[in-house]
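This report concerns only the one structure given below.
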Amino acid sequence: MSDFNPAAWRAFASVIGSEWVMSSDDDRHAYSDHYAADESTHAPAGAVAPASVEEVQAIVRIANQFKVPLWPISRGKNFGYGGSAPVMKGSVVLDLTRMKKIEVDQANGTVLVEPGVGFFDLYDYLQNNKIPLWISVPGNSWGSVAGNALDRGVGYTSYGDHAAQICGLEVVLPDGDLVRTGMGAMANSPVWNLHRYGFGPSWDGMFCQSNFGIVTKLGMWLMPEPEAVAGYDFEFDQPDDLGWVIDTIMPLRRSGLIRQSPSIGNWLRSAAVMTTREEWTSDNGPLSESVVTAIRKRFNIGWWSVQIRFYGEEEIVQASMRVLERAFDNKPILSKVPTMWRRGDAPEGTPMTGVPVSFPLANANWHGGRGGHVGYSPVLPPSGDLAMAQFRRTYALYEKYGMDYHASFAMGERSLTNVNQILYNKDDAEMMGRVDAMFRELVADAKAQGYGEYRTHIDYMDLVAETFDFNGNALRRLNERVKDALDPNGILAPGKSGIWPKGARA
Amino acid sequence: MKGKVALAVAGLMACMVAVYSAQAQSNGSTIENPFRGVMQDRSAHSEDEALYVEKCSMCHRRMGMGTVLLARRMPVAEAELEDHQTLSKAYVIIAARQGIGNMPRISRAEVSDQELERIANYLASGGGR
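Here the protein sequences come in this chain order: S and F.
For the first sequence, the residue numbers in the working numbering are 1 to 506.
For the second sequence, the residue numbers in the working numbering are 1001 to 1129.
Right under this line is the structure:
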């Protein structure tokens, strides 16, 4: 736990006003991880909430002076990964939620957002100003557009790889200096958010999942409202269908025909959002075949489901549909339902068409009472056989630990991300013990295959960082050298992504 | 249970019109798919209601997490806070600051004391309806 001079609080207040320096018990609780069984493990010392980049810079300078560890959050809704809580207990949360500026370049289809801008905020802004640009939203759209992209979050449309849409950052460095990346490194550049690279090294990626700077503005590309959106919702009957489905879709992904990342997921996705477990069974063990059958019947879904969408001019969308149909010709699908939306139709109202949502968070209530989930998401090659093997091994571990299998495989251009949500009841200590043991075994299981996580919870950042072990964890050594150079006092997000400052390393 | 079903079906019906338009194929079955027709009304008719929309409605209007969860515990007609008949100002403030059930605590940076007061008044006075 950090222990710093309480005079730092007064110094913060002198810069941003005492109203925005928050250190009461209620404030500390507000920034704890509400999915955690024991919130004290990552309890912050309090929070400060600046409203401008100048205030962020001033706070960073004070933090250096008093050696106060800061944990920057955009809006703090990174549920399943720690929410707004810091890795290191006693850090001061630097809450950027009050920074809400939005600048849209309608002609070029880009937006420059401050960290406090949520997906609903950006959606409202575009709607209210009748700007025909669509956003890509994640399943929890309560969070920050910038924060989600910086944590490499994903959405449903062809702009769903959010980190890949980043174009230009403004960053406060750990010493308080201010930089703009890419073309933004030129004063008054008109192409900061239009051209991905500048001159020399490009640094945007350095500020994703890192603790090397505080992003105060983020440029992002948005999808021009398409003429049409069409696709199919496919259902598949058997667990073993996973392999051939992936092998059917991936060639279309590689060829560029499918430009979103289709996510094939199991029956629990719908059930966990719309119902609680006790409606189906009172057994504590893994869900039986009869329960799985009942769930599938109620939601009229397969063992696996996947939604594929095409975006663009109608002729191209229609032709793409025909290619997709051909790919699935004579294959044993359970059902397929076409969807078609044309510009001018009433809004379809789905995340697939950029509508922000929060209802997926209802799965925290799957076990009744106060719950949550932790994400386990290894990345593997885009092969049906490997996906089947991954599914079988992971399923066996869910059974071993008596947890309910909740998984999907998101098909990227050249990889699969196997997103698992381990749903739990945080007030069930025995279950929480199983969840922790299971998570550690899952990470080890993936590592044995050479697979690493794309993102993880604050509890497991060291564990996951450890698995990136080429040449004796050379990546960690590089990260630490950068950390020491930029942040010699170690004030910025100690422990984030397993990167610790000097003096705090294991 | 009943409330839940009604909520999902309501969400579904709104979207069916839009989704299954020209190419709709009907085999007589209905997919209770929560990923359709989930767009909520983001409009407001007063400054306080606009504040509610900005800070709360993502979870506490149609198909928000809060609405989905509250529909498990109360009549679906009251699951949206603006339709709830018996909310007191003090209760709203405590729920927001302390969290309740699966609702996380709301920090003072996200919703200031002054803003929370206005939102609580808005809800306690019937959500403008």
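C-beta atoms are modelled at their ideal positions from N, C-alpha and C, and glycine is treated no differently.
Between the CA atoms of residue j and residue i - distance to the nearest angstrom
| i | j | result |
| --- | --- | --- |
| alanine 185(S) | asparagine 193(S) | 11 Å |
| tryptophan 500(S) | alanine 7(S) | 25 Å |
| serine 1026(F) | isoleucine 301(S) | Unreliable placement is indicated for serine 1026(F), whose pLDDT of 29 sits below 50; no coordinate value is reported for it. |
| proline 44(S) | serine 1057(F) | 28 Å |
| alanine 271(S) | glycine 450(S) | 32 Å |
| threonine 394(S) | glutamine 209(S) | 26 Å |
| proline 190(S) | aspartate 105(S) | 11 Å |
| leucine 380(S) | aspartate 204(S) | 24 Å |
| alanine 11(S) | alanine 504(S) | 25 Å |
| phenylalanine 234(S) | arginine 1097(F) | 43 Å |
| glutamate 1078(F) | glutamine 1085(F) | 7 Å |
| proline 378(S) | lysine 331(S) | 28 Å |
| valine 464(S) | glycine 116(S) | 28 Å |
| aspartate 26(S) | arginine 180(S) | 36 Å |
| valine 509(S) | aspartate 3(S) | Since the first residue shown for chain S is 1 and the last is 506, residue 509(S) is missing from the structure and cannot be characterised. |
| isoleucine 1100(F) | phenylalanine 359(S) | 16 Å |
Residue i: first and last residue of the uninterrupted beta strand (DSSP E) it sits in
| i | result |
| --- | --- |
| isoleucine 73(S) | 70-73 |
| asparagine 284(S) | Note, asparagine 284(S): premise wrong, no beta strand (DSSP E); not H, not E. |
| lysine 217(S) | 214-221 |
| arginine 434(S) | No beta strand (DSSP E) holds arginine 434(S); the alpha helix (DSSP H) holding it covers 429-449. |
| arginine 180(S) | 178-180 |
| threonine 110(S) | 110-113 |
| valine 374(S) | 371-376 |
Which listed residue (the options) has its alpha carbon closest to that of residue i
| i | options | result |
| --- | --- | --- |
| aspartate 151(S) | Leu397(S), Gly344(S), Ile214(S), Val273(S) | Ile214(S) |
| arginine 1105(F) | Leu96(S), Ala474(S), Tyr31(S) | Tyr31(S) |
| arginine 253(S) | Glu279(S), Arg277(S), Ser383(S) | Ser383(S) |
| tyrosine 232(S) | Tyr395(S), Met352(S), Asn425(S), Asp25(S) | Met352(S) |
| arginine 343(S) | Tyr159(S), Glu227(S), Trp304(S) | Glu227(S) |
| tryptophan 303(S) | Gly312(S), Thr467(S), Pro251(S), Ser290(S) | Ser290(S) |
| valine 317(S) | Ile258(S), Gly375(S), Ser335(S) | Ile258(S) |
| valine 21(S) | Ala47(S), Glu413(S), His42(S), Asp247(S) | Ala47(S) |
| valine 93(S) | Glu103(S), His29(S), Gly155(S), Ser136(S) | His29(S) |
| valine 154(S) | Ser91(S), Gly369(S), Val137(S) | Val137(S) |
| cysteine 1059(F) | Tyr197(S), Ala51(S), Phe120(S), Asp3(S) | Phe120(S) |
| alanine 49(S) | His42(S), Val15(S), Ala37(S), Asp462(S) | Val15(S) |
| aspartate 241(S) | Ala149(S), Gly372(S), Ser335(S) | Ser335(S) |
| valine 1130(F) | Ile1093(F), Ala1044(F), Thr1067(F), Lys1055(F) | Nothing in the structure corresponds to residue 1130(F), since chain F is present only between 1001 and 1129. |
| glycine 495(S) | Trp9(S), Ile59(S), Asn5(S), Pro86(S) | Pro86(S) |
| serine 74(S) | Ala63(S), Ile62(S), Val56(S), Met88(S) | Val56(S) |
| leucine 531(S) | Leu492(S), Gly498(S), Val292(S) | Look at the range of chain S in this structure, 1 to 506, and you will see that residue 531(S) is not part of it. |
| glutamate 315(S) | Lys130(S), Val229(S), Val145(S) | Val229(S) |
Per DSSP, the bridge partner or partners of residue i
| i | result |
| --- | --- |
| phenylalanine 409(S) | Ile264(S), Asn418(S) |
| alanine 47(S) | Met22(S), Val93(S) |
| isoleucine 166(S) | Met220(S) |
| serine 136(S) | Paired residue(s): none; serine 136(S) is not in a bridge. |
| lysine 336(S) | Phe234(S) |
| asparagine 513(S) | Since the first residue of chain S shown is 1 and the last is 506, residue 513(S) is not available in this structure. |
| tryptophan 192(S) | None, per the DSSP bridge assignment. |
| tryptophan 341(S) | Val229(S) |
| asparagine 425(S) | Gly371(S) |
| leucine 380(S) | Leu416(S) |
| aspartate 161(S) | Val154(S) |
| valine 172(S) | Leu178(S), Ile214(S) |
| leucine 492(S) | Leu70(S) |
Range of the contiguous alpha helix (DSSP H) that encloses residue i
| i | result |
| --- | --- |
| glutamate 235(S) | Glutamate 235(S) -> not in any alpha helix (DSSP H); beta strand (DSSP E) instead, spanning 228-236. |
| isoleucine 102(S) | Not the alpha helix (DSSP H): isoleucine 102(S) falls in the beta strand (DSSP E), residues 102-105. |
| valine 464(S) | 461-467 |
| threonine 456(S) | No alpha helix (DSSP H) contains threonine 456(S), which DSSP labels as neither H nor E. |
| tryptophan 142(S) | First-last for tryptophan 142(S): undefined, no H or E at that position. |
| methionine 388(S) | 384-400 |
| phenylalanine 120(S) | 119-128 |
| arginine 10(S) | 7-16 |
| arginine 61(S) | 53-66 |
| glycine 243(S) | 241-255 |
Cβ-heavy atom distance, residue i to the ligand FMN, below 7 Å
| i | result |
| --- | --- |
| proline 69(S) | As for the ligand FMN, it is missing from this structure, which has no ligand bound. |
Ignoring anything shorter than 4 residues or poking outside the stretch 1052-1119 of chain F, list the alpha helix (DSSP H) runs there in chain order.
1057-1060, 1065-1070, 1089-1098
Which full runs of the alpha helix (DSSP H) of 4+ residues lie inside the stretch 290-334 of chain S, going along the chain?
314-328
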